[in-house]
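Residue numbers (my numbering), protein chains in the order written: chain A, 1 to 297; chain B, 1 to 142.
Every residue gets a Cβ at the ideal spot worked out from N, C-alpha and C, and that includes glycine.
Since the model is a prediction, treat every value here as computed from it, not as a measurement.
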């Protein structure tokens, strides 16, 4: 069961203005990994390294058991899609489908037809006549219909309308019907990541900040709505990364919430009005703000 | 052979307008199915992976929902056989009881914050109950 689809350890890559440092990333078979982080955090570089498109200066990369970048044959079983993938402008969607079928024995023609309909595309359309969103959909169709063991998608839902976005998310979770397949995708859309990922990896400024089980990750964070009567100073408590107070009302954000935390505030004389779960979007913002301010918890 | 999903399989509704985490939304919708009897006592229910695929959410989220439901003894998972609704015939009523208990507890907390005595609180509940019965009667007479 715990076979690894992707293993990266100690991976480093330096550029003039950017360093990817000590990337440790593991994706088990049968799971979906969501990669999130602000612009320029290193998500695409990480993806390019594991696809063997960019060579790391240090560290080990194994994809489906193959060393990258040395064993590029692994790509036969990987479906990779990114924004800068080129389709042939003068050719039709159908031509591309035939082309893929001729290369990949795993090509599923029936599924390709289903996706064509679902994505609202037509086989006779030439690529140059497609909108940006339609091109993205065509690219994803060509990758999904191969039914690869591993899908690696860089921002698959960016630029798509809500219906297309839902279709893509639905197809990606559908991949999980087969326990031997895996998905790694990056996204700016935290809702997408929250909905379909089994694990989340958070990258900021070239480093992995967190990489863990999504449910456990969401569960660690809470927002506490507090009331501090006049004369009561809210104490600094472990697991709390920030408090904002206006008048008597305060909001505390905990990144390592423990069941005792509300009691600890009550014991200090404050009142706890609510303990709320946070969305991944809210966690994302709190996390990045904290790292930008250089505050240590 | 690969199965092709249809929109029909999307039988659970995960809403972003709902502030609760997804696993709680899934738990609630499973409870609702059990409470109304669509998923009867002892009946086999979808596997974790199957339900995740059907709803279009991660396996880990459905797994969490199932674990919590097991903890509440509303479903059971048997190794190698799958998951089932608890065979206890009163499982539907138990869910409604649980809902009531939670809401009463919440109301009791609000009452305590207002400084109500248990007697006052009791009076308020009685009044609410009477108002509800009244409204229902009016609806019937229309």
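At a cut-off of 8 Å between C-beta atoms, residue 21 (chain B) counts as an interface residue with respect to chain A.
In the three-state scheme derived from DSSP, where H, G and I count as helix and E and B as strand, residue 74 (chain B) is classed as coil. At least one CB atom of chain B sits nearer than 8 Å to the CB of residue 176 (chain A). From the beta-carbon of residue 124 (chain B), no residue of chain A is found nearer than 8 Å; the closest lies around 21 Å away. The beta carbons of residue 159 (chain A) and residue 133 (chain A) sit closer together than 8 Å. Using a CB distance below 7 Å, the part of the stretch 208-221 of chain A facing chain B consists of 213, 214, 215 and 218, ordered along the chain. Chain-order list of chain A residues neighbouring residue 16 (chain B): 191, by C-beta distance under 7 Å.
Residue 130 (chain B) sits in a helix when the DSSP states are folded into three classes. Each of A:79, A:200 and A:252 was checked against the Cα of residue 51 (chain A), and the nearest Cα belongs to A:79. In the same chain as residue 266 (chain A), and ignoring 5 residues on each side of it, the C-beta atoms closer than 7 Å to its own belong to 272, in chain order. Look at residue 24 (chain A) here: in three-state DSSP terms it is strand.
Around the beta carbon of residue 129 (chain A), a 10 Å sphere encloses fewer than 16 other beta carbons of the protein chains shown; the residue is thus reported as exposed. Cβ-Cβ distances below 8 Å link residue 135 (chain A) to 87 and 127 in the same chain, with the five nearest sequence neighbours on each side left out; the list follows chain order. Of all residues in the stretch 162-186 of chain A, only 166, 169, 170, 171, 172, 173, 174, 175, 176, 177, 178 and 179 place a beta-carbon less than 9 Å from a beta-carbon of chain B.
Per DSSP, reduced to three states, the secondary structure at residue 287 (chain A) is helical. The alpha-carbon separation between residue 81 (chain B) and residue 73 (chain B) amounts to approximately 17 Å. The C-beta of residue 102 (chain B) has fewer than 16 other C-beta atoms within 10 Å across all chains shown, which makes the residue exposed. Not a single C-beta of chain A is nearer than 8 Å to the C-beta of residue 82 (chain B). The C-beta of residue 197 (chain A) comes closer than 8 Å to at least one C-beta of chain B. Per DSSP, residue 163 (chain A) is one residue of the alpha helix (DSSP H) stretching across 162-174. The beta carbons of residue 83 (chain A) and residue 171 (chain A) sit no closer together than 8 Å. Looking at B:79, B:49, B:90 and B:50, the one whose alpha-carbon comes closest to that of residue 31 (chain B) is B:90. Comparing C-alpha distances from residue 193 (chain A) to each of A:150, A:230 and A:282 shows the shortest one belongs to A:282. In the structure shown, residue 263 (chain A) adopts helical secondary structure according to DSSP, grouped into three states. Per DSSP, the beta bridge partners of residue 182 (chain A) are A:150.
Between the stretch 83-99 of chain B and the stretch 218-227 of chain A, the count of Cβ pairs shorter than 8 Å is below three; the stretches do not touch. Taking all protein chains shown into account, residue 113 (chain B) has fewer than 16 neighbouring C-beta atoms within 10 Å of its C-beta and is therefore exposed.
DSSP lists A:153 as the bridge partner or partners of residue 81 (chain A). According to the DSSP secondary-structure assignment, residue 137 (chain B) is paired through a beta bridge with no residue. The beta carbon of residue 14 (chain B) sits closer than 7 Å to those of 22, 25, 55 and 57, all from its chain and outside the five residues before and after it, given in chain order. Within chain A, the residues whose beta carbon sits less than 7 Å from that of residue 60 (chain B) are 198, 213, 214 and 215, listed in sequence order.
In terms of Cα proximity to residue 186 (chain A), the closest of A:175, A:178, A:177 and A:199 is A:199. Residue pairing of residue 62 (chain A) in beta bridges, as defined by DSSP: A:7 and A:67.
A distance below 8 Å separates the beta carbons of residue 202 (chain A) and residue 36 (chain A).
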